[in-house]
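Be aware that the sequence shown starts at 427, since it is given in the numbering used here, and climbs by one per residue. All residues carry an ideal CB built from backbone N, CA and C; glycine is no exception.
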Amino acid sequence: MWRVPRQLCVRVARGGKLSGPRHRPAAFMSTLLINQAQYAWLKELGLREENEGVYNGSWGGRGEVSLEMGKILVEGVGEVQEYVDVCDYAVGLSRMIGGPILPSERPGHALIEQWNPVGLVGIITAFNFPVAVYGWNNAIAMICGNVCLWKGAPTTSLISVAVTKIIAKVLEDNKLPGAICSLTCGGADIGTAMAKDERVNLLSFTGSTQVGRQVALMVQERFGRSLLELGGNNAIIAFEDADLSLVVPSVLFAAVGTAGQRCTTARRLFLHESIHDEVVNRLKKAYAQIRVGNPWDSDVLYGPLHTKQAVSMFLAAVEDAKKEGGTVVYGGKVMDRPGNYVEPTVVTGLAHNASIAHTETFAPILYVFKFKNEEEVFAWNNEVKQGLSSSIFTKDLGRIFRWLGPKGSDCGIVNVNIPTSGAEIGGAFGGEKHTGGGRESGSDAWKQYMRRSTCTINYSKDLPLAQGIKFQ
427 MWRVPRQLCV RVARGGKLSG PRHRPAAFMS TLLINQAQYA WLKELGLREE
477 NEGVYNGSWG GRGEVSLEMG KILVEGVGEV QEYVDVCDYA VGLSRMIGGP
527 ILPSERPGHA LIEQWNPVGL VGIITAFNFP VAVYGWNNAI AMICGNVCLW
577 KGAPTTSLIS VAVTKIIAKV LEDNKLPGAI CSLTCGGADI GTAMAKDERV
627 NLLSFTGSTQ VGRQVALMVQ ERFGRSLLEL GGNNAIIAFE DADLSLVVPS
677 VLFAAVGTAG QRCTTARRLF LHESIHDEVV NRLKKAYAQI RVGNPWDSDV
727 LYGPLHTKQA VSMFLAAVED AKKEGGTVVY GGKVMDRPGN YVEPTVVTGL
777 AHNASIAHTE TFAPILYVFK FKNEEEVFAW NNEVKQGLSS SIFTKDLGRI
827 FRWLGPKGSD CGIVNVNIPT SGAEIGGAFG GEKHTGGGRE SGSDAWKQYM
877 RRSTCTINYS KDLPLAQGIK FQ
């Protein structure tokens, strides 16, 4: 995608210079992405070969649309703001990264920990956060001294191009090559090439556990380094002393936000048996008040799923839940409106270890369970293969610290009295087990983008050996 005067052209990169907008040969028109079968969705958006404007939210007379991802306006703006925030954070971090000076057991010697850039950081991101996740990686990787090669999701290529153009301009305005942050668009073949290429010193991958496993194996085969941010089957636990005025809106945001397409989306809700019915009834009332509509409408809280395939997966999961004994108490159907809209769904009555409840479905389906005691529910939280985000609602201080401790949650994000979604950039983001173990954004996540050397410096005239060894 290149910007030309008053027009937007979307085409395959072939090298060479662009011809003027008024004098394009037929060969040029045949290379437009919009004329290729795999990018037929561009025409579904109302795009033509040439389109007036780009930032006004309108295409070809089709009216305002939410391009590519489909998330609501406030979340889209928030995602861009998150990239800005990460850049602010990274600028400060750039003056603080480094290793310690360590005491040496040998007189006249010093130990220094030196951190250097790894080199080229490959970044593969998913459709659900087409800006922010790249920002987490890109901003931190750059202040560590690296260059970046980004492959966004095939279904959000326009966003990837737009973001890269902005970054390139900032770099070039500051006398740096725009290619420091390069972009490639494509599918699995591009990702495979990045995973296998020894020139990619670190590969950060965000996506499904299934694909992440394949990526990790390809990178490990060449003894490369990978940073994996994979799936999550996240749980919220509400105890009998929970403040329900916090529980209900937290569950609503965590389960319904981004139409259930966050890796931190709450997919399991464990309610103490004494509050189960009341919370479910409150949730049903809250779900009924969700404002559904055009994602560009600032008042809308709930938009479409990303693709038709996601709708099919939603329907299959609802049917599987019913077959396993679940009862759909809210939603469960496709909405009768244009687009990939499905009803936010609540399912009760399943066993805690039901197969469907242990399967991550990227859709707004919440499975609700009853529990009796702390030991039981902590175990249920940890029994799924993923370990990304988790949260409890309680006023019991002892229980809170047990939850945070070694016998509590085994997730990378362990919250108290807040949703599973909505992490701040200052902490390290990531999870355990099948979530991949990688950490991005804040805290000491910067270390994953650097290589460490332990340096011993002898500033004396003697040559003592460590551990008191004599070799003479």
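Next item on the list: Check residue 876 in the structure and name its three-state DSSP category.
Entry: Here DSSP, grouped into helix, strand and coil, assigns residue 876 to strand.
Item checked: Assigned exposure category for residue 798 - 16 Cβ within 10 Å defines buried -> Around the CB of residue 798, fewer than 16 other CB atoms lie within 10 Å, so the residue is classed as exposed.
Checklist line | Extent of the continuous alpha helix (DSSP H) to which residue 543 belongs | finding: Taken as a continuous stretch (DSSP letters only), residue 543 belongs to no alpha helix (DSSP H), being part of the beta strand (DSSP E) at 535-543.
Next item on the list: Quickly, what does DSSP pair residue 926 with across the bridge? List them, please.
Entry: It is not possible to answer for residue 926, since the shown part of the chain is limited to 427 through 898.
Next item on the list: Would you grab the beta carbon distance between residue 859 and residue 812 for me? Rounded to a whole angstrom, and I think it's under 8 Å.
Entry: Indeed they touch by this definition, with Cβ atoms about 6 Å apart.
Item checked: Distance cut-off 7 Å: residue 613 Cβ against heavy atoms of the ligand ATP -> Annotation note on the ligand ATP: not contained in the displayed structure, which lists no ligands.
Checklist line | Residue nearest to residue 704 in terms of C-alpha spacing, selected from 723, 671 and 687 | finding: Closest in alpha carbon position to residue 704, among 723, 671 and 687, is 671.
Check: Would you call the region 616-627 and the region 565-583 touching, i.e. three or more CB-CB distances under 8 Å?
Finding: At 8 Å Cβ cutoff, the stretches touch.
Notebook entry, point to check: Between residue 784 and the rest of its own chain, which residues show a CB-CB distance below 6 Å, the 5 nearest in sequence each way excluded?
Noted result: Non-local C-beta neighbours of residue 784 in its own chain, meaning closer than 6 Å and more than five positions away in sequence, comprise 810, ordered along the chain.
Note to self: Between residue 632 and residue 552, how many whole angstroms is the CB-CB distance? I'm expecting something under 8 Å.
What the structure shows: Contact check for residue 632 and residue 552: beta-carbon distance about 5 Å, within the 8 Å limit, so the pair qualifies.
Note to self: Tell me which residue opens and which closes the beta strand (DSSP E) that residue 651 is part of.
What the structure shows: Annotation: the continuous beta strand (DSSP E) that includes residue 651 extends over 651-655.
Notebook entry, point to check: residue 760 bridges to which residues according to DSSP?
Noted result: According to the DSSP secondary-structure assignment, residue 760 is paired through a beta bridge with 768.
Notebook entry, point to check: What is the DSSP secondary structure of residue 732, counted as helix, strand or coil?
Noted result: Correct three-state label for residue 732: coil.
Note to self: Measuring straight from C-alpha to C-alpha, what distance separates residue 872 and residue 863?
What the structure shows: For residue 872 and residue 863, the distance between alpha carbons rounds to 14 Å.
Note to self: Which same chain residues end up closer than 7 Å to residue 685 when comparing Cβ atoms and leaving out the 5 residues on each side of it in sequence?
What the structure shows: Its chain contains 728, 729, 730, 731 and 790 as the residues whose beta carbon lies nearer than 7 Å to that of residue 685, once the 5 sequence neighbours on both sides are disregarded; these appear in chain order.
Note to self: Relative to the C-alpha of residue 699, which candidate in 659, 794 and 616 has its C-alpha closest?
What the structure shows: Answer by Cα proximity: 794.
Next item on the list: To the nearest angstrom, report how far apart residue 452 and residue 475 are at their CA atoms.
Entry: The pLDDT assigned to residue 452 is 47, lower than 50, so where the model puts this residue is not dependable, and the model offers no usable value.
Next item on the list: Identify whether residue 582 lies in helix, strand or coil by the three-state DSSP scheme.
Entry: Here residue 582 sits in helix by DSSP.
Item checked: Start and end residues, alpha helix (DSSP H) containing residue 622 -> Looking at the DSSP string, the run of the alpha helix (DSSP H) that includes residue 622 is 614-622.
Next item on the list: Express the C-alpha separation of residue 560 and residue 866 in angstroms, rounding to a whole number.
Entry: The straight-line gap separating the alpha-carbon atoms of residue 866 and residue 560 is approximately 10 Å.
Check: residue 816: buried (16+ other C-beta within 10 angstroms of its C-beta) or exposed?
Finding: Answer is buried; the Cβ neighbour count reaches 16.
Margin query: What does DSSP give as the partner residue(s) for residue 792 in the beta ladder?
Written below: For residue 792, the beta-bridge partners assigned by DSSP are 772.
Notebook entry, point to check: Helix, strand or coil for residue 692 per DSSP?
Noted result: DSSP places residue 692 in strand when its eight states are reduced to three.
Check: Whose CA, out of 503, 498, 806 and 462, lies closest to the CA of residue 662?
Finding: Nearest in C-alpha terms to residue 662, of all of 503, 498, 806 and 462, is 806.
Next item on the list: Assuming residue 635 contacts residue 847 (C-beta within less than 8 Å), just tell me the rounded distance between them.
Entry: Between residue 847 and residue 635 the Cβ distance is about 19 Å, and since that is not below 8 Å, they are no contact.
Check: Thinking C-alpha only, which one of 515, 554 and 534 is nearest residue 565?
Finding: The residue with the shortest Cα to Cα distance from residue 565 is 515.
Next item on the list: Taking all protein chains shown into account, decide if residue 834 is buried (16 or more other Cβ within 10 angstroms of its Cβ) or exposed.
Entry: Answer is buried; the Cβ neighbour count reaches 16.
Checklist line | Contact check, residue 687 vs residue 554, beta carbons under 8 Å | finding: With contacts defined by Cβ atoms closer than 8 Å, residue 687 and residue 554 form a contacting pair.
Note to self: Let's see if you can read the secondary structure: which residues bound the beta strand (DSSP E) around residue 608?
What the structure shows: That run of the beta strand (DSSP E) goes 607-609.
Notebook entry, point to check: Just checking, does the region 519-539 make contact with the region 884-894 on the three C-beta pairs under 8 Å criterion?
Noted result: Verdict: yes, contact present.
Margin query: With three or more C-beta pairs closer than 8 Å as the rule, is the region 539-547 touching the region 874-884?
Written below: The region 874-884 is in contact with the region 539-547.
Notebook entry, point to check: Leaving out five residues before and five after residue 766 in sequence, what residues of the same chain have Cβ atoms less than 8 Å from its Cβ?
Noted result: Residues 496, 730, 731, 732, 733, 734, 736 and 737 of the same chain have their beta carbon placed closer than 8 Å to that of residue 766, with the five preceding and five following residues left out of the count.
Check: Whose C-alpha, out of 776, 771, 739 and 764, is nearest the C-alpha of residue 752?
Finding: Closest by alpha carbon: 776.
Margin query: Do residue 458 and residue 660 count as a contact pair if the criterion is CB distance below 8 Å?
Written below: No Cβ-Cβ contact shorter than 8 Å links residue 660 with residue 458.
Notebook entry, point to check: By Cβ distance, which residues of its chain are closer than 6 Å to residue 567, with the 5 residues on each side in sequence left out?
Noted result: Around residue 567, the same chain offers 547, 574 and 875 as residues with beta carbons nearer than 6 Å, after the five sequence neighbours per side are excluded.
Item checked: Where the beta strand (DSSP E) containing residue 548 begins and where it ends -> 546-550 is the extent of the beta strand (DSSP E) around residue 548.
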